[in-house]
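Colleague: Quick one: the structure is below, and I'll ask about it shortly.
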Amino acid sequence: MGEECAEVVVNINHPDLNRIFHYRLPAGMGKPQPGTRVTVPFGSRLVEGWIVGYSEPEPGISLREIAGLGRPDFTKELLDLARWMAWYYLHPLAEILELMSPPDRPKRLVKCTSPEEKLSPQRPEDFDLTGEQQEALRRIEEALSNEKGERFLLYGVTGSGKTEVYLRATEFALALGRQVLYLVPEIALTPQIGALFQEAFGERVAVWHHRLARGEKYRLWEDVRKGAKGVVIGPRSAVFAPFCNLGLVIIDEEHDPSYKEQERPYYHARQVALMRSFLNKAVVVLGSATPSLESFTAAVRKRLQLLTISRRPPGRSLPRNTVVDMRLELNSGEPSIFSRYLQEQINLRLKRKEQVILFYNRRGYAPLVFCPGCGEVLKCRNCSISLVYHRQTGDLRCHYCNTRLPLPASCPSCGSNKRLCFLGTGIERVEQELSLLFPGARVLRLDYDTTRGKGSYSQILSLFAGKKADILLGTQMVTKGHDFPGVTLVGVLNADLSLNLPDYRSAERTFQILTQVAGRTGRGPQPGEVVVQTYHPEHYSIMAACRGDSNSFYREEAKRRRALEYPPYGELIRVRLSSRREEDVVVLASELAAELRRQLSGDQVAVLGPAPAPVLRVKGFYRWQILLKGKTLPLRSQIEACLAVYRKNNSVIISVEVDPFGY
DNA sequence: AGCACGCCGACT
DNA sequence: GTCGGCGTGCTC
0 MGEECAEVVV
10 NINHPDLNRI
20 FHYRLPAGMG
30 KPQPGTRVTV
40 PFGSRLVEGW
50 IVGYSEPEPG
60 ISLREIAGLG
70 RPDFTKELLD
80 LARWMAWYYL
90 HPLAEILELM
100 SPPDRPKRLV
110 KCTSPEEKLS
120 PQRPEDFDLT
130 GEQQEALRRI
140 EEALSNEKGE
150 RFLLYGVTGS
160 GKTEVYLRAT
170 EFALALGRQV
180 LYLVPEIALT
190 PQIGALFQEA
200 FGERVAVWHH
210 RLARGEKYRL
220 WEDVRKGAKG
230 VVIGPRSAVF
240 APFCNLGLVI
250 IDEEHDPSYK
260 EQERPYYHAR
270 QVALMRSFLN
280 KAVVVLGSAT
290 PSLESFTAAV
300 RKRLQLLTIS
310 RRPPGRSLPR
320 NTVVDMRLEL
330 NSGEPSIFSR
340 YLQEQINLRL
350 KRKEQVILFY
360 NRRGYAPLVF
370 CPGCGEVLKC
380 RNCSISLVYH
390 RQTGDLRCHY
400 CNTRLPLPAS
410 CPSCGSNKRL
420 CFLGTGIERV
430 EQELSLLFPG
440 ARVLRLDYDT
450 TRGKGSYSQI
460 LSLFAGKKAD
470 ILLGTQMVTK
480 GHDFPGVTLV
490 GVLNADLSLN
500 LPDYRSAERT
510 FQILTQVAGR
520 TGRGPQPGEV
530 VVQTYHPEHY
540 SIMAACRGDS
550 NSFYREEAKR
560 RRALEYPPYG
570 ELIRVRLSSR
580 REEDVVVLAS
590 ELAAELRRQL
600 SGDQVAVLGP
610 APAPVLRVKG
620 FYRWQILLKG
630 KTLPLRSQIE
640 ACLAVYRKNN
650 SVIISVEVDP
660 FGY
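Be aware that the first sequence starts at 0, since it is given in numbering that gives the first Met the number 0, and climbs by one per residue.
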């Protein structure tokens, strides 16, 4: 006769242990709730784990008893979320639970360190929403009252006041006694939004990010769990906050690729947030001026309700767009990274004391360094990638593994001591040329390398906001949600760079970046202008972005993705194998691919590859990959079983990425 | 992952 | 005789 036993997941990361073990409860004790942390005897040692449920074990296994009970780490809802993630992302449950675990209680709980709350002035409610903003807000409020967990896509052009809608929806949710999760794409953006919300809602707002001190984290988590905090603002990981009464989830800039975790377990915070709100029947608002094709399609299919804001508030017009065909520019006069038209426009702003943002998406000074003696391009010794010359630090760097080495005096390949040549243009070279062309201009550079120091990111931005500079030259970083009313010109120096990435999303990314960066201008009383330099002026994503015609972009992009059955018209899973020995990877990859073909046979899933990864070698590891395309959702367990077998080979690491970014 | 068990070489 | 090398196999 069976007996109800606790199902325990042990916190050890090994493919053989990615399952449930049954344990007896100590005598004279009720059932601890699933999600409770436990210590259990495991073989000859004690290990940590969690109770995840109760059931009757198979007959014939010798049961042992739970050795120790810990705190309840997860509510049923969070546990269900973890289970869903483990299933959907083909990832060990233990590792997901570890990721979601609440912060440890610090040894010494510091007395209240929260700075004496500056009396938060109630935000003035006196300025009017536009009709479209009002309508969006009304529908969200209605949904909050209905408590049916409705989902919205707030599709509002840049500068249309989406944040104001979020603020008022939050106010409404709080008034109903519900908690609010507000996701932002990056840590860098949390302080700004956080300050705005704290001003409106004072102490009820928790600004969460991973760099908080341990005690602070612990206290915030506890406050959220008890309901003392009504709003949690933060990046990806904030999606795991222990809400007790979640009513509204806002995903700001929902298209932003930063929501996708780039390391294990490769989850997408937007997707997790959607599942979490489903489990809570919470209302979701996905907001963007350039929705992901996934969300756009979901709106077309009525899985998201569409809320549109098509106009900026009165007096704020959308910028004028000019496309410069750099091919024609090349044929006439001396070539420069700055077209003559853009130079004229920059000069005009400088004369008028207006500000300029320039976007150039390539770090360093020169992306290629080569030897004129033998023609060899200098490569990283750990990665199959060219080294980039950084002038500021005078060294060569690998942008994949971060290796740095001094610029060699002679060619490492042929020994010639002819001077090495720099090929191509990075942002440092653009900066240099900028100072030659506009000697009087004050230029700030915003990229990965100028923002290493603590606080340097916000320092650069506040210098620019305080008009201490005329030109802000930056990489991707300048495209994200900033609001500089003094900017009347945005220049995109090379719109094509993101088009050639090995990613089926490259056209979408290009469209989004161009539209977003264009949206950084004309946010003040003066109208804005955008100048886009490109060698592909006829490309659909560049044309659509420049004309502000997003519908034609989505139509074209949807057509292409559908034809190739890429997401959202098919699911994609990338299985990556890596090892220090290339032959091991090649052999195992082809065996695994053959086995997957056998297991998943049928026309539902295509097994593509194996093929070398776009960058074959990174950090000394050779990487090959297999792509699964098609209806993979019903086949998760077959895929999992198949991988488990091949993971027994311990010289080759197998990692799985569901819905990968890039190939 | 860890840890025990097991089956062969050189050592106080 | 036994100490210890790390291959193999198991963990409710």
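Each residue gets a CB set at the ideal place from its N, CA and C atoms; glycine is no exception.
1) For G527, I'd like the list of residues in its chain whose CB is within less than 6 Å of its CB, leaving aside the five on either flank, ordered along the chain.
2) By alpha-carbon positions, which one of R315, R339, A240, I512 ends up nearest to D324?
3) What ranges does the alpha helix (DSSP H) occupy inside the segment 289-370, keeping only unbroken runs of at least 4 residues that lie completely in it?
4) Using a Cβ-Cβ cut-off of 8 Å (strictly less than) and excluding sequence neighbours within five positions of R82, which residues of its own chain qualify?
5) To the nearest angstrom, how far is the alpha carbon of E146 from that of F277?
6) Assuming Y154 and S287 are in contact, meaning their beta carbons sit under 8 Å apart, how far apart are those beta carbons, in whole angstroms?
7) Taking only three categories from DSSP, how would you classify Q391?
8) Just list the residues that DSSP pairs R444 with in beta bridges.
9) Could you compute how far the alpha carbon of D251 sits from the alpha carbon of L80?
10) Helix, strand or coil for Y165 per DSSP?
11) Could you tell me the boundaries of the beta strand (DSSP E) in which R275 lies?
12) Residue range of the alpha helix (DSSP H) that K75 falls in?
13) Alpha carbon to alpha carbon, what distance is there between A172 and L626?
14) Which value, in whole angstroms, describes the spacing of the CA atoms of A667 and Y266?
15) Just the Cα atoms here: how many angstroms apart are R107 and A212?
16) Using only alpha-carbon positions, find the residue among V206, P484, N10 that is nearest to T189.
17) For P666, list the residues DSSP reports as bridge partners.
18) Please give me, in chain order, every unbroken run of the alpha helix (DSSP H) with length at least 4 that falls completely inside the segment 452-509.
19) Rounding to the nearest angstrom, what Cα-Cα distance links V7 and P411 in this structure?
20) Per DSSP, I653 is paired with what?
21) Check whether the Cβ atoms of Y217 and D103 sit closer than 8 Å, and answer yes or no.
22) With 16 other CB atoms within 10 Å as the buried threshold, where does N401 fall?
23) Go ahead and label V299 buried or exposed: buried means 16 or more other beta carbons lie within 10 angstroms of its beta carbon, across all protein chains shown.
24) Distance, Cα to Cα, N493 vs Y359?
25) Have a look at T474 and Q515 and give me their C-alpha separation to the nearest angstrom.
26) Which residue comes first and which comes last in the alpha helix (DSSP H) that contains Y53?
27) Return the CA-CA distance between L445 and Q391, expressed in angstroms with no decimal places.
28) Just list the beta strand (DSSP E) runs in the segment 513-556, keeping only unbroken ones of 3 residues or longer that don't cross its boundaries, in chain order.
29) Ordered along the chain, which non-local residues of its own chain (more than five positions away) have a Cβ less than 8 Å from that of A408?
30) Closest by CA to S549, which one among E163, H535, T307?
31) For Q431, count neighbouring Cβ atoms within 10 angstroms of its own Cβ and tell me buried if that reaches 16, exposed if not.
32) Taking DSSP as the reference, what is the three-state secondary structure of R63?
33) Can you list, in chain order, the residues of its chain with a C-beta nearer than 6 Å to that of W49? Leave out the 5 residues immediately preceding and following it.
34) Run through DSSP, which three-state label would E570 get?
35) In chain order, what residues of the same chain lie with their CB nearer than 6 Å to the CB of L377, ignoring the 5 residues before and after it?
36) Note down, in chain order, each residue of its chain lying with its Cβ closer than 8 Å to the Cβ of P120, except the 5 sequence neighbours on either side.
Modeller: In brief:
1) For the purposes of this step, residue 527 is identified with residue 528 of the first sequence, where counting begins at 1. For G527, where only same-chain residues beyond five positions count, the Cβ hits under 6 Å are P318, T487, T520, G521.
2) What you label residue 324 is simply residue 325 of the first sequence in a count that begins at 1. Measuring from the Cα of D324, the nearest candidate turns out to be R339.
3) When DSSP assignments are scanned along the segment 289-370, the uninterrupted stretches of alpha helix (DSSP H) that are 4 or more residues long and fall wholly within it turn out to be 292-299, 325-330, 339-351.
4) Mapped onto the first sequence, residue 82 falls at position 83. Within the same chain, V51, L92 come within 8 Å of R82 by CB-CB distance, once the 5 residues on both sides are set aside.
5) The sequence position of residue 146 within the first sequence is 147, counting from 1. The sequence position of residue 277 within the first sequence is 278, counting from 1. Looking at the two C-alpha atoms, the distance is approximately 11 Å.
6) Locating residue 154 in the first sequence gives position 155, where the first residue counts as 1. Locating residue 287 in the first sequence gives position 288, where the first residue counts as 1. Rounded, the Cβ-Cβ distance is 7 Å, consistent with contact.
7) Position 392 of the first sequence, counted from the start, is the residue given in the question as residue 391. In the three-state scheme derived from DSSP, where H, G and I count as helix and E and B as strand, Q391 is classed as coil.
8) Taking the first residue of the first sequence as 1, we reach residue 444 at position 445. The partner list for R444 (beta bridge, DSSP) reads L472.
9) By 1-based counting over the first sequence, the position of residue 251 is 252. By 1-based counting over the first sequence, the position of residue 80 is 81. Using only the alpha carbons, I get a separation of about 21 Å.
10) Residue numbering aside, residue 165 sits at position 166 when the first sequence is read from its first letter. Correct three-state label for Y165: helix.
11) Your numbering for residue 275 matches position 276 in the first sequence. Counting along the chain, R275 sits inside no beta strand (DSSP E); it lies in the alpha helix (DSSP H) bounded by residues 268-279.
12) Numbered from 1 along the first sequence, position 76 holds the residue referred to as residue 75. Counting along the chain, the alpha helix (DSSP H) containing K75 begins and ends at 75-87.
13) Walking along the first sequence from the start, residue 626 turns up at place 627. Walking along the first sequence from the start, residue 172 turns up at place 173. Each residue's alpha carbon lies about 42 Å from the other.
14) Residue 667 cannot be examined here, being either before or after the span of the chain that is shown, 0 to 662.
15) Along the first sequence, read from residue 1 onward, the residue named residue 107 stands at position 108. Along the first sequence, read from residue 1 onward, the residue named residue 212 stands at position 213. Distance between the alpha carbons of R107 and A212 is about 13 Å.
16) As a working note, residue 189 is residue 190 in the first sequence. Nearest option by C-alpha distance: V206.
17) For residue 666 there is no data in the structure shown, the boundaries of the chain being 0 and 662.
18) 455-464
19) In the first sequence, residue 7 corresponds to position 8, counting from 1. In the first sequence, residue 411 corresponds to position 412, counting from 1. Each residue's alpha carbon lies about 56 Å from the other.
20) The residue you call residue 653 lines up with position 654 of the first sequence. According to DSSP, which records beta bridges pairwise, I653 is partnered with L576.
21) Working through the first sequence from its first residue, we reach residue 217 at position 218. Working through the first sequence from its first residue, we reach residue 103 at position 104. The answer is yes: Cβ separation under 8 Å.
22) For the purposes of this step, residue 401 is taken as residue 402 along the first sequence, with counting starting at 1. N401 should be labelled exposed.
23) Position 300 of the first sequence, counted from the first residue, corresponds to residue 299. By the neighbour-count rule (16 or more Cβ atoms within 10 Å), V299 is not buried but exposed.
24) As a working mapping, residue 493 is identified with position 494 in the first sequence. As a working mapping, residue 359 is identified with position 360 in the first sequence. For N493 and Y359, the distance between alpha carbons rounds to 6 Å.
25) Working through the first sequence from its first residue, we reach residue 474 at position 475. Working through the first sequence from its first residue, we reach residue 515 at position 516. Looking at the two C-alpha atoms, the distance is approximately 13 Å.
26) Stepping through the first sequence from its first residue, residue 53 is reached at position 54. Element bounds for Y53: not the alpha helix (DSSP H) but the beta strand (DSSP E), 44-54.
27) For the purposes of this step, residue 445 is taken as residue 446 along the first sequence, with counting starting at 1. For the purposes of this step, residue 391 is taken as residue 392 along the first sequence, with counting starting at 1. If I take the Cα positions, the gap works out to 14 Å.
28) If only complete runs of 3 or more residues are kept, the segment 513-556 shows the beta strand (DSSP E) at 528-533, in order along the chain.
29) Counting from 1 along the first sequence, the entry for residue 408 is found at position 409. For A408, where only same-chain residues beyond five positions count, the Cβ hits under 8 Å are N416.
30) Locating residue 549 in the first sequence gives position 550, counting from the first residue. Checked all of E163, H535, T307; the closest Cα to S549 is T307.
31) Your numbering for residue 431 matches position 432 in the first sequence. Per the 10 Å Cβ criterion, exposed.
32) In the first sequence, the residue the question calls residue 63 occupies position 64. Of the three classes helix, strand and coil, the one that applies to R63 here is strand, per DSSP.
33) In the first sequence, residue 49 corresponds to position 50, counting from 1. Once the five neighbours on either side are set aside, the close Cβ partners of W49 are V8, R36, L96.
34) As a first step, residue 570 is located in the first sequence; it is residue number 571 there, counting from the start. The answer is strand: DSSP assigns E570 an E or B state.
35) Locating residue 377 in the first sequence gives position 378, counting from the first residue. The answer, listed in chain order, is V368, L386.
36) Taking the first residue of the first sequence as 1, we reach residue 120 at position 121. Bear in mind that the predicted position of P120 carries a pLDDT of just 42, short of 50, making it too unreliable to give a figure here.
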